[in-house]
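Numbering (full-length UniProt numbering), first residue to last: 1 to 364. We put the beta carbon where it would ideally sit given N, CA and C, even for glycine. Please read all numbers here as calculations on a predicted model, not as lab measurements. Report on the following structure.
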Ligand SMILES: NC(=O)c1ccc[n+]([C@@H]2O[C@H](COP(=O)([O-])OP(=O)(O)OC[C@H]3O[C@@H](n4cnc5c(N)ncnc54)[C@H](O)[C@@H]3O)[C@@H](O)[C@H]2O)c1
Ligand SMILES: [Zn+2]
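As structure tokens, then:
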């Protein structure tokens, strides 16, 4: 299936999202129609390349990759300016110029780094994304945010640079470690809570199919998530307001990640953050108890935590979220669920309310 995102600008831009299974075999041919004569340089996550190279060789992509393949050792610690410089140098040596384009094949780290590089290489060249993790397929590859980390914080250097097209192939998820699938599921649950009750019900009854990597189930889930993310990005590309709804669970989630010095993984942190948001919503009478229970149950089906580790006190968490470097202005925005499939942006949250919710969810 193909979704076309329409983005404002002069001239208006489009970004196609192509979702399916078995797309990879014909990717070079599909890409050709987007390149408009440009030469593609492929930057592959090295782990993914090692897992997939034999199959790629069989599919006779050879001509496409000859002299145009760069391997990137993707990991969060390597999501740095130094990596961007290193890849830029490799491109320069290989002869990439303003008529080139980049193709990122990998998870969110590769996508963010390559997108950033494309936005600045020779003052900007087009790029394409081929996300290979669940998180990258349902979240990071769509929307045009690119960036790298600083020691002072994650994603503090970055740009908006929309990919010309994004190919999501469920096939890739077959080699994804279970832990990565689990982490990505937190974003899937988040997306369903934001805008798709039908997807939610599907998740409630298809955890096993997803765990078994049944391709139909994966395509179903990725498609539903991309439809929502694309809609949000189309209406607020640069996160001046509406796009904030994608941050459900992330305010407390980021605070927990930072407090734990990233021992708590992103998906786990987001799951806890969503439960906190749902608890706040319950206390405000926005949602019914049953919806909070359903959220906890769905998270538990994926072994995503629903209680906050006791070593972090509510006060510490509030301090951490107030000092988040990426916070905009003085107002603290909190995305709260209204029911499954709908959220609201709340900017009048009282810290006492938050402290109570955090205390009531503190684990033993
Ligand atoms: N740009 C955005 O809007 C946005 C949104 C959310 C997250 N992000 C960023 O995304 C990053 C996290 O992305 P991620 O979770 O995909 O991490 P990642 O890119 O580090 O990938 C996770 C691990 O899985 C491996 N891997 C990737 N695909 C595989 C496959 N098909 N089979 C086997 N192994 C595979 C990678 O080599 C890596 O070891 C973070 O840096 C985060 O800041 C960006
Ligand atoms: Zn996230």
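What are the boundary residues of the alpha helix (DSSP H) that includes residue i?
| i | result |
| --- | --- |
| residue 371 | Because the chain is modelled from 1 through 364, residue 371 falls outside the range shown and cannot be assessed. |
| residue 50 | 46-58 |
| residue 128 | Looking at the DSSP string, residue 128 is not in any alpha helix (DSSP H); the run it does join, the beta strand (DSSP E), is 127-131. |
| residue 35 | 27-35 |
What is the residue span of the beta strand (DSSP E) that residue i lies within?
| i | result |
| --- | --- |
| residue 110 | Here residue 110 belongs to no beta strand (DSSP E); instead the alpha helix (DSSP H) covers 108-120. |
| residue 353 | Unbroken run through residue 353 is the alpha helix (DSSP H), 351-360; no beta strand (DSSP E). |
| residue 7 | 2-7 |
Using DSSP's beta-bridge definition, name the partner residues of residue i.
| i | result |
| --- | --- |
| residue 19 | 168 |
| residue 83 | Answer is none; residue 83 lacks a bridge partner. |
| residue 145 | 160 |
| residue 345 | 335 |
| residue 43 | 70, 104 |
| residue 153 | 150 |
| residue 182 | Note: residue 182 sits in no beta bridge, so no partner. |
| residue 14 | 6 |
Taking Cβ positions only, does residue i come closer than 8 Å to chain C?
| i | result |
| --- | --- |
| residue 261 | Looking for chain C here will not work: only one protein chain is present. |
Check whether the Cβ of residue i lies closer than 7 Å to any heavy atom of ligand 3, and answer yes or no.
| i | result |
| --- | --- |
| residue 239 | Ligand 3 is not part of the structure shown, which contains ligand 1 and ligand 2 as its ligands. |
Residue ranges of each alpha helix (DSSP H) within the UniProt domain "3-dehydroquinate synthase C-terminal" (184-326), 4 or longer: 197-211, 215-235, 250-259, 266-283, 289-301, 314-322
Segment contact flag, the region 348-364 with the region 279-289, C-beta cutoff 8 Å, min 3 pairs: yes
The region 86-101 touching the region 25-43, judged by at least three CB pairs closer than 8 Å: yes
Given 8 Å, three or more beta-carbon pairs between the region 175-183 and the region 196-204: no
Contact the region 315-325 vs the region 291-298: 3+ CB pairs below 8 Å: no
Stretch pair the region 17-36 + the region 159-166: three plus CB contacts closer than 8 Å: yes
Validate contact between the region 145-160 and the region 14-33 using beta carbons, cut 8 Å, 3 pairs: no
Validate contact between the region 42-51 and the region 62-75 using beta carbons, cut 8 Å, 3 pairs: yes
Validate contact between the region 104-124 and the region 138-145 using beta carbons, cut 8 Å, 3 pairs: yes
Cβ pair count under 8 Å reaching 3, the region 258-275 against the region 217-237: no
The region 203-222 contacting the region 48-62, beta-carbon criterion three pairs below 8 Å: no
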